[in-house]
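All the letters of the sequence shown, read from the start, carry residue numbers 210 to 351 under this note's numbering.
Ideal placement from N, C-alpha and C gives every residue a C-beta, glycine not left out.
As the structure is a computational prediction, the values presented were derived from the model and not from experiment.
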Amino acid sequence: MIVYLDTSALVKILIEEEGSEDAAVLWSEADRIYSSRLAYLEARAALAASLRTNRSNAPQHNEAKAELERRWRQLSVVEMSSQVAGIAGEVAEDYGLRGYDAVHLASAFASGGGNITLVTWDRDLAHAGLGSGLGVAPAPIP
210 MIVYLDTSAL VKILIEEEGS EDAAVLWSEA DRIYSSRLAY LEARAALAAS
260 LRTNRSNAPQ HNEAKAELER RWRQLSVVEM SSQVAGIAGE VAEDYGLRGY
310 DAVHLASAFA SGGGNITLVT WDRDLAHAGL GSGLGVAPAP IP
């Protein structure tokens, strides 16, 4: 299975929360994993927010950052090329997506198109992925 992880999926692997177990299983069962370069900075921001809001303490924060670095080396990074940006603009308009979500959907297309499973906990992105013909995990709530 080839998967594309958006930031919501990546963060669930780093911080224990609802859906973390599912995200870990999808990661471990994947033959190849893709994510946008954007996911790295979004994940770092999410980890910092977790520390600021006391959802994690300093040792947990440092462990999560180290885990992000380790996992990041294992996946294939989709760069923000002019092609990805152009597709992101189109899908933002077509599906009413926010900018970063549009970049994730466009990056998933660049990763393998219809042969890829988009892993996201973002409802709007999941519905856009389904609408554009991608497999989506976990199944979005209607």
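| query | So what does DSSP say about Ala239, is it helix, strand or coil? | reply | coil
| To which residues of the same chain is Ala239 closer than 6 Å at the C-beta, ignoring the five residues directly before and after it? | Met210, Val212
| query | Which one of Arg332, Pro349, Asn324 has the shortest CA to CA distance from Arg241? | reply | Asn324
| request: Buried or exposed for Gly338, please, with buried defined as at least 16 other CB atoms from any protein chain shown within 10 angstroms of its CB. | output: buried
| query | With respect to the alpha helix (DSSP H) encompassing Ala348, which residues constitute its N-terminal and C-terminal limits? | reply | No alpha helix (DSSP H) contains Ala348, which DSSP labels as neither H nor E.
| In terms of alpha-carbon separation, which member of Ala273, Trp236, Ser244, Ser237 lies closest to Ala254? | Ala273
| said: Please report the straight-line C-alpha distance between Gly321 and Ile296, rounded to a whole angstrom. | reply: 14 Å
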